[in-house]
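In the UniProt record's numbering, the protein residues as written are 1 to 1252.
Ideal placement from N, C-alpha and C gives every residue a C-beta, glycine not left out.
If you're wondering where the values come from, they're calculated on a predicted model, not measured in any experiment.
Taking it in order: structure first as structure tokens, then the write-up.
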């Protein structure tokens, strides 16, 4: 059904009122005061000039004329030289520029501006909205010829006429219109015949362009960009006056005629909608109309093409309508505030329940009959737990007991009833065992000893900065791919089987240069590469240092692997209580006379959840306390509660005085107080500012002091010397002693629980150290306004439990009076998210098609299997896939719900300039293999700042739309084909990496990256792009990597990236390289030439002679060899070097070659010269290169022992390019010839052993 109904409202008056509010007044438009619309128009003009000059459609002189026309200096030939103030300032063209509007016959164009240089006559025509808006002409005659050419093309003629007033286009009563004038000029010198619509006084004979194309001069006081804004305003007002009628019969066609011209103007200027006051309302209105039209076209479509057009119109219409949708239903929500007489409830403190060991199992080994159980010592009670603690020392056993909180009576009960440990004790033992295993692994690897290396360490090895970027690695378990890393080059990766020989296999498959680069921190630059066993040993040491750095993550991964279970009941409990480990959940079930393997109905599960709710809260508190104490003993654990425990233990240590106050603040010196010990008014005050994972100390005077990553180290150095002496501590070498004392004197459990509860009450408006909680009194009274803010913050933190007070306040400030409404919306969205994810988890069986691609291995194909056996194998694989997919979906659903509420581990937080901006979402860790499907979220996840996805997956494009606040996006081994529109809306992106994604760029989207103005790294390696992306506007870009992308030219805008540190264009089809690209290799932060290559051009078929000459000159000037023809075959020696020589030189030089090649000492020179075919000189300076080669060989032949030794040492360096090495040979020979007259030798002979 079409939209045929008449709209019952006075649209004309509403629309005119809207326009009066949206547009500035005429006086404001023409005033000198800056405003957004004029700044946008001027910026568009200037940027277009730079873009066209860069792409070659505008000369340098044309660019300079454009800058003069915009009131800017002609020496500002880089956009970076122009500041915002210049763009905001009203425009007066420079004195050497005359300003006009194009005039045809008697009519002046509305917005076709002409700028002409007074002395040179160079002319610019500016056509707003054109793909290349600036047209350059040598003089006015050339401009007139161009206008005639446009008049001869029907489509271009209509486009040109559109820039004139509507009344001027058609013939009038007395004069011909612009269309008639153009028709006459198009056929000149032929006679033009009048039509019936011609006016009385037009020329019905000949339209000479020289007479009828002119320029209308403009006063120098006119700002052309303000005039362009006026044209926009007048067009919208004219539309309202001409099209809309007041009889309430505005139909579909008229509505479109009203809105579409203005929207077309906004689209023409691109970013103007951002500056347009209230412009979002106009776009929204247009969007609703477009959406309605689109639906109508879909319903009435006669063929698929029309239906597709209707769908496109619906989509774009709804997108534009979003701003209007957000405005609907706005109200002023109220916040419920307690009445003046109403008291806030006191917090209820529930003590942890005692740990019940549970029913009996087999007795623990080590029992004794010589002493009754009541007389067993504590070490014996712990040691007799059984095999799980055999590897622990007495000290570690006592630490396990302290962390778990079990007392001697609990241990005796455990042995008396012959029970194995469970609950928090069992969980603590497993965590201590993981930490011990990691310590053993790190020690063995760091010493080079043999140790079992798992896939996680191999993954981190490939992420190391020294791993060869072009080398891939595939880890196999027989025929199954466990994990894979793809290098940049599309070559077959190194394939190794996991097991004891994994490192040996990696070492064997890396070549000499790759191995030397990987072991750069283990080998000196000049040392020889050792044998295989030594290389493996050095690689183990490197893995040891990696494991030490990633120790916390390794611990988490191993512990999470230990928590995996197939029990549906445990998985359900974990969803409700994610902070409780499996051992505690099993203990809770035992107390309910249940086991993890039992299957419960939905109703039984609900009743169980209700019964366990209170007990689960008690266990959560107990687990929290255990984790706090655990952080004091385990190096693999980092915990905020452990820091709280450490800080408040210091206050209880013998010798502590009341003269010191230490505060921990968040983010900055003036940030919110996170914790405090000592009195606020103490004479000596110290501050520790938490910045991500680091702590910066400040002294009493606010001066920066010691900085540390370890909280204990930060606290120790924050203590004044007098306090250190009183506590018998030393800041320089006493960290281990300090930790030992903290462990020995740690707060009792009850006191720590009180401290943690007090910390939960801390806020910017209430400090528990000032209130009465510590002494039992009432809190300090606060004003009604402050109480309202406190309650509002608590409402935010109820939904976002991990929000700090600063984040909660920022949320309230951002949404103002709409904060409560926003919270309600978020809660409703979260419920929708939970429902959607539940449905997605239940669709595993429906997605069984994804396993159709499973194939048998070669060994299985060789076997003679029956149909029944094949079916059994297939069923087994399907069950395996279903189990893996269920676990993946459960894990991803849990993580997504956490991220929606801004929850995650400390290691997953992302910081920017010291402020947390969100969390990392790494799907490669959740599912290292193929992702068979992603959920359709349909909502914004503002808490995700980094997203990593690897592997084929369905629904990726829709999934990306949920993450508009990303700072980092990394996609690999996915199928994109085209650039997702969602990425272009992520304007905060700083890092964008898309590898092996089958991405192709088109002329329409190659320039889309310019929207990502904060981008610092753009990597599109191993994609069939076909054309390079434009980097214009990416002034913050530091790394651009486009290797193996099939591009044939360099990216546009390279010259305008002043901070670019790496440009990788290797492995493409580029034949010509502009000077601006080569200049990037000379740029560095210090302004000096960088020591290594930061522009990579290898594996490109460069054939342009000018480029090759520039490469040669660049290398000779800087010493940096940017390109070698790596695909070139080796030189045929000596035939190629003898070719073309005079007859009298052929035999002597052939003999010289044979003599040097036959001598073992000098044979290496011939070996090094065979790769000279890769140099630019071989392509453009071959004769000169031939001469230089023979001069070097003759110098080698006549060299004495001293020179020959030096030349051989140069030739032994296999890392240098052949061209650089040839130049070094030449320099060495010339220097040696000059040295003969000098008293001191320039090269020292090696020392030889001799008898004294």
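My output table needs one value for residue i: the three-state DSSP class, helix, strand or coil.
i            : result
residue 1162 : coil
residue 911  : strand
residue 695  : strand
residue 773  : Residue confidence is low: residue 773 scores 36 on pLDDT, short of 50, so the model does not pin down where it sits. No coordinate-derived value is stated.
residue 1057 : coil
residue 609  : helix
residue 206  : coil
residue 91   : coil
residue 1206 : helix
residue 708  : strand
residue 533  : helix
residue 336  : Residue confidence is low: residue 336 scores 38 on pLDDT, short of 50, so the model does not pin down where it sits. No coordinate-derived value is stated.
residue 18   : helix
residue 1120 : coil
residue 1168 : helix
residue 484  : strand
residue 576  : helix
residue 524  : coil
residue 125  : strand
residue 1132 : coil
residue 136  : strand
residue 390  : coil
Would you kindly check if the distance between the Cβ of residue j and the Cβ of residue i is under 9 Å?
i            : j            : result
residue 792  : residue 761  : no
residue 625  : residue 405  : yes
residue 34   : residue 89   : yes
residue 151  : residue 185  : yes
residue 715  : residue 650  : yes
residue 961  : residue 990  : no
residue 1218 : residue 1102 : no
residue 175  : residue 112  : no
residue 1203 : residue 1169 : no
residue 897  : residue 830  : yes
What are the partner residues of residue i, as DSSP defines its beta bridges?
i            : result
residue 117  : 97
residue 214  : 103
residue 497  : 476
residue 450  : Answer is none; residue 450 lacks a bridge partner.
residue 920  : 946
residue 554  : According to DSSP, residue 554 bridges with nothing at all.
residue 685  : 661
residue 1017 : 991, 1039
- Query: Enumerated in chain order, which unbroken segments of the beta strand (DSSP E) with a length of 3 residues or greater are wholly contained in the stretch 934-1001?
  - Reply: If only complete runs of 3 or more residues are kept, the stretch 934-1001 shows the beta strand (DSSP E) at 944-950, 968-972, 991-995, in order along the chain.
- Query: Per the contact definition of three or more C-beta pairs closer than 8 Å, is the stretch 382-397 in contact with the stretch 615-623?
  - Reply: No: fewer than three Cβ pairs fall under 8 Å.
- Message: Using a Cβ distance threshold of 8 Å, determine whether the stretch 56-69 contacts the stretch 128-137, with at least three qualifying pairs required.
- Response: Touching, yes.
- Per the contact definition of three or more C-beta pairs closer than 8 Å, is the stretch 625-642 in contact with the stretch 533-552? Flag = yes, the stretch 533-552 and the stretch 625-642 touch.
- Task: Scan the stretch 634-668 and note each continuous alpha helix (DSSP H) run of 4 residues or more that stays entirely inside, going in chain order.
- Result: Within the stretch 634-668, the complete alpha helix (DSSP H) runs of at least 4 residues are 640-652.
- Inter-stretch contact (C-beta, 8 Å, three-pair minimum) for the stretch 901-918 and the stretch 881-891: By the Cβ rule, the stretch 901-918 does not count as touching the stretch 881-891, because fewer than three pairs are nearer than 8 Å.
- Query: Below 8 Å, can you find three or more Cβ-Cβ pairs linking the stretch 453-466 to the stretch 420-439?
  - Reply: The stretch 453-466 is not in contact with the stretch 420-439.
- Message: Check whether the stretch 1020-1027 and the stretch 1045-1052 touch, using three or more Cβ-Cβ pairs below 8 Å as the test.
- Response: When Cβ pairs closer than 8 Å are counted between the two stretches, the stretch 1020-1027 is seen to touch the stretch 1045-1052, the count reaching three or more.
- Assess, as a yes-or-no matter, whether the stretch 1057-1065 is touched by the stretch 1036-1043 under the definition of 3 or more beta carbon pairs within less than 8 Å. Cβ pair count under 8 Å is three or more, so yes.
- Query: Are there three or more Cβ pairs, one per stretch, closer than 8 Å when the stretch 972-981 is compared with the stretch 994-1006?
  - Reply: These segments touch.
- Task: Would you check if there are 3 or more beta carbon pairs closer than 8 Å linking the stretch 1120-1134 to the stretch 1171-1187?
- Result: Output reads yes: the stretch 1171-1187 touches the stretch 1120-1134.
- Is it a yes or a no for the stretch 665-681 touching the stretch 812-825, going by three-plus beta-carbon pairs under 8 Å? Contact fails between the stretch 665-681 and the stretch 812-825, because fewer than three Cβ pairs, one in each stretch, are under 8 Å apart.
- Query: Counting Cβ pairs closer than 8 Å, one from the stretch 533-542 and one from the stretch 434-448, do we hit at least three?
  - Reply: With the rule of 3 Cβ pairs closer than 8 Å, the stretch 533-542 counts as touching the stretch 434-448.
- Item | Touch test, the stretch 936-943 against the stretch 962-970, Cβ-Cβ under 8 Å, three pairs minimum | Note that the stretch 936-943 touches the stretch 962-970; at least 3 beta-carbon pairs, one per stretch, sit closer than 8 Å.
- Item | the stretch 716-729 touching the stretch 655-662, judged by at least three CB pairs closer than 8 Å | A contact exists between the stretch 716-729 and the stretch 655-662.
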